[in-house]
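Q:
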Amino acid sequence: MTERAAPFYCPYCGDEDLRPSEEGHGAWECRACSRAFQLKFLGLLARRPAADSPQGGAS
Numbered sequence: 015m016t017e018r019a020a021p022f023y024c025p026y027c028g029d030e031d032l033r034p035s036e037e038g039h040g041a042w043e044c045r046a047c048s049r050a051f052q053l054k055f056l057g058l059l060a061r062r063p064a065a066d067s068p069q070g071g072a073s
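Positions 15 to 73 (this note's numbering) are the ones given, in order, by the sequence shown.
1. On the criterion of 16 or more Cβ atoms from any shown chain inside 10 Å, does C47 qualify as buried, or is it exposed?
2. Where does the unbroken beta strand (DSSP E) through P21 begin, and where does it stop?
3. From what residue to what residue does the beta strand (DSSP E) around F51 run?
4. Alpha carbon to alpha carbon, what distance is there between E36 and A19?
5. Please work out which residues of its chain come closer than 7 Å, Cβ to Cβ, to F22, disregarding the five sequence neighbours upstream and downstream, and give them in chain order.
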């Protein structure tokens, strides 16, 4: 696993012309739409038992 992953496209316009921003860790700038955004990893979700999933119910 890498320490830093780069986004492939802008979440606002979908363009791929992204550059790291000077605003801090995880901050990116889109040159196409002039928006700045920040990505942050929140953590892993706990797995749910199969009975709790929508497909794990009665057939």
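For every residue, glycine included, the Cβ atom is placed at its ideal position computed from N, Cα and C.
A: Judging by the given coordinates:
1. Taking the first residue of the sequence shown as position 1, residue 47 is located at position 33. Exposed: under 16 other Cβ atoms inside 10 Å.
2. Start at 1 with the first residue of the sequence shown, and residue 21 comes out as number 7. Unbroken run through P21: none, as it is neither H nor E.
3. On the sequence shown, residue 51 is found 37 positions in, with the first residue counted as 1. It spans 50-52 - the beta strand (DSSP E) in which F51 sits, taken as one unbroken run.
4. One-based indexing of the sequence shown puts residue 19 at position 5. One-based indexing of the sequence shown puts residue 36 at position 22. When rounded, the distance between both Cα atoms is 16 Å.
5. Residue mapping note: residue 22 aligns to position 8 of the sequence shown, counting from 1. So the qualifying residues of the chain are E30.
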